[in-house]
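Terminal number for the sequence shown in the working numbering: 478, no gaps in between. No residue lacks a Cβ here, since even glycine has one placed at the ideal position from N, Cα and C. Some notes on the structure that comes next.
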Amino acid sequence: MTVFPKGFLWGGAIAANQAEGAWQAGGKGPSISDVTPHGLGGEVDPKPLPGKYYPNHEAIDFYHRYQGDLQYMQEMGFNCFRTSIAWSRIFPDGEEAEPNEAGLKYYDDLFKTMHELGMEPVVTISHYETPLALHDKYGGWTDRHLIDLYEKYCRVLFTRYGNIVHYWMTFNEMNNTHTIPYAAAAIAVSGDADHKTAQMYQAEHNMYVANAKAVRLAKQLMPTAHMGIMLSLSQAAVYPATCAPKDVFGAMQLQRRTFISADVQLRGAYPGYAKRIFQEHNFQLKMGPDDLQLIHDYPSEFLGFSYYRSSTYADGTPIYGDTGGVVGRPNPYLKATDWGWQIDPLGLRWICNLVQDRYNCPMFIVENGLGMKDKVEPDGSIHDPARAAYLKQHVRAIGEAIKDGCNIMGYTWWGPIDIVSAGTGQMSKRYGFVYVDRDDAGHGTLARSKKDSFEAYKQIIASNGESV
Ligand code: BGP
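The following block contains the structure:
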């Protein structure tokens, strides 16, 4: 009995800012990711400093090399490919009267090539790459101007690509506004914990309104398109460190903070526990008169999410207002990657079931992968059994979730070709089935070559998931 449905979407995912490079080509303006020398989780320069190395400026030069890269994906059998549109290629400073034609033309050609190679584009409208000018002028998503500018950006995209792109997600990992607010919402948090919390929830609220307006626009311009939201659910797979009620309840609270974005955008209203957070942190969301009605009337259709790991919560770990990484402590039952991400395929099955119970909507696993160091042998081969094992374990977990009754529409491995790490700016944290000759200092030929795991994914796709 086959497990994965016919037409299941198999592919891979990247983001414009981590792959394209060509950061000034074709009239593109600087984005927030162009001023982060050590990835989006680290320091930020006010503007790109001449002579300083920024990993995203050239990345892997996907902008010029995508034809060859997508042929590798075709060889693995991909029927979809996820990437983002760099907002500042279309509106270099975010608010020009007219869009930048050279930027639009680039994505015309990219999406056309995907279709020619048998892949449905799965497009993230904004993936940690807000135009830098919108951060400088408005302070990012805490300012409502961005709602109208984003709607204008969506109108251009839906009009231009509505016939060739059928799967859209409005923002990447919107719930990461609480862990990496600069990357996820282009905001620079400041002041005490209450003020930071207020900034983050205000930014998320404005993004919920922008999402609702994008869904409304899509219904007008692309009535058959699939409109989704995208969250990081690595933070949602939270285990209590012990059966102590404080740990259990704290883990649930942390998980809920992750789910607020989905509760609002899939269920159409703020849940009670969110309102309590606002009261406890003494702030009142600034809303427009139609905000809540818009959110109610235009929920998203599917939940896209990333899952890499699970985390473990022990009482006393800060839940709200922190802008650090994912809170938690080591889980003694799990192995971790070189970057401390705990490998937990059963956690993926658990999260899928939890999402199914909570939202009963289609779900799309749009990021899953293992970041690890790779060694190029003298003969050029690259043996990466750990990556193939991670892949098989997680595809198997998805199969189990489907048998549990979870409505899963697709799976895109994160970084099917090596790209720049978002959190660290490194190339050495490699996810790809295709290796790229470039190191953490930007040295290398950018030559591409297959790793052993390339065949592993090819077999999985050829068997529609049955071979794991
Ligand atoms: C997610 C982002 C991706 C990707 C991934 C892996 O949060 O949506 O952009 O980068 O994390 O993280 P990293 O690249 O830091 O290993």
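About 16 angstroms separates the beta carbon of G282 from that of I305, a gap too long to meet the 8 angstroms contact definition.
Between H188 and R266, the C-beta spacing is not below 8 angstroms. With fewer than 16 other Cβ atoms from the protein chains shown falling within 10 Å of its own Cβ, K115 counts as exposed. Distance from A398 to S463 at the Cβ level is roughly 4 angstroms; contact confirmed, criterion being Cβ atoms closer than 8 angstroms. Distance check between C253 and each of W178, F18, T322 places T322 closest, using alpha-carbon atoms only. In the three-state reduction of the DSSP assignment, I270 falls in the helix class.
The beta carbon of E377 sits closer than 7 angstroms to at least one heavy atom of the ligand BGP. Here G49 has P65, V430, S431, A432, G433, T434, G435, Q436 as same chain residues with Cβ atoms under 8 angstroms from its own Cβ, once five neighbours each way along the sequence are excluded.
Annotation for K439 indicates a beta carbon within 7 angstroms of some heavy atom of the ligand BGP. Looking at the DSSP output, K460 shares a beta bridge with V444.
In terms of Cβ geometry, I157 and V219 form a close pair [threshold 8 angstroms]. For Y138, the CB falls within less than 7 angstroms of some heavy atom of the ligand BGP. Residue state for M217 is assigned as helix, using DSSP reduced to three classes.
Going by C-alpha positions, G314 is about 13 angstroms away from A246.
By the beta-carbon neighbour count (other beta carbons within 10 angstroms, threshold 16), D202 is exposed.
Between the ligand BGP and W424, a heavy atom-to-CB distance of less than 7 angstroms is present. When the alpha-carbon of P299 is set against those of R154, G415, L380, the nearest one is in R154.
Taking 3 residues as the shortest admissible run, the stretch 138-214 contains the following complete beta strand (DSSP E) segments, listed from N- to C-terminal end: 177-181. For R406, the enclosing alpha helix (DSSP H) starts and ends at 395-413. Each residue's CA atom was taken as its position, placing W423 and V365 some 19 angstroms apart. E130 is bridged by DSSP to C90. Taking a C-beta distance under 8 angstroms as the contact criterion, Y177 and E130 qualify as a contact pair. Collapsing the DSSP output to three states places Y467 in a helix. Checking the 7 angstroms criterion, the Cβ of G381 is within range of a heavy atom belonging to the ligand BGP. Around the beta carbon of Y63, fewer than 16 other beta carbons lie within 10 angstroms, which makes this residue exposed. If the five residues before and after Q403 are omitted, its C-beta is found closer than 7 angstroms to the C-beta atoms of P355, all from its own chain and listed in chain order. Remark: the shortest separation between the CB of Q352 and any heavy atom of the ligand BGP does not fall under 7 angstroms. About 4 angstroms separates the Cβ atoms of G238 and F312, confirming a contact at the 8 angstroms cut-off.
If you compare the alpha carbons of W20, V175, T347 with that of Y318, the shortest gap goes to T347. Take V405, set aside five residues on each side of it, and the residues of its chain with a beta-carbon closer than 8 angstroms to its own are Y421, I470, G475, V478, in chain order.
In the three-state reduction of the DSSP assignment, Q352 falls in the strand class, which pools E and B.
By the neighbour-count definition (other C-beta atoms within 10 Å, threshold 16), Q209 is a buried residue.
Two segments are said to touch when three or more pairs of C-beta atoms, one from each, lie closer than 8 angstroms; by this definition the stretch 85-105 touches the stretch 17-32. Secondary-structure assignment with DSSP links W423 through a beta bridge to G22.
The criterion of a C-beta distance shorter than 8 angstroms is not satisfied by V132 and F168. Here Y343 is exposed. Its C-beta has fewer than 16 other C-beta atoms within 10 Å.
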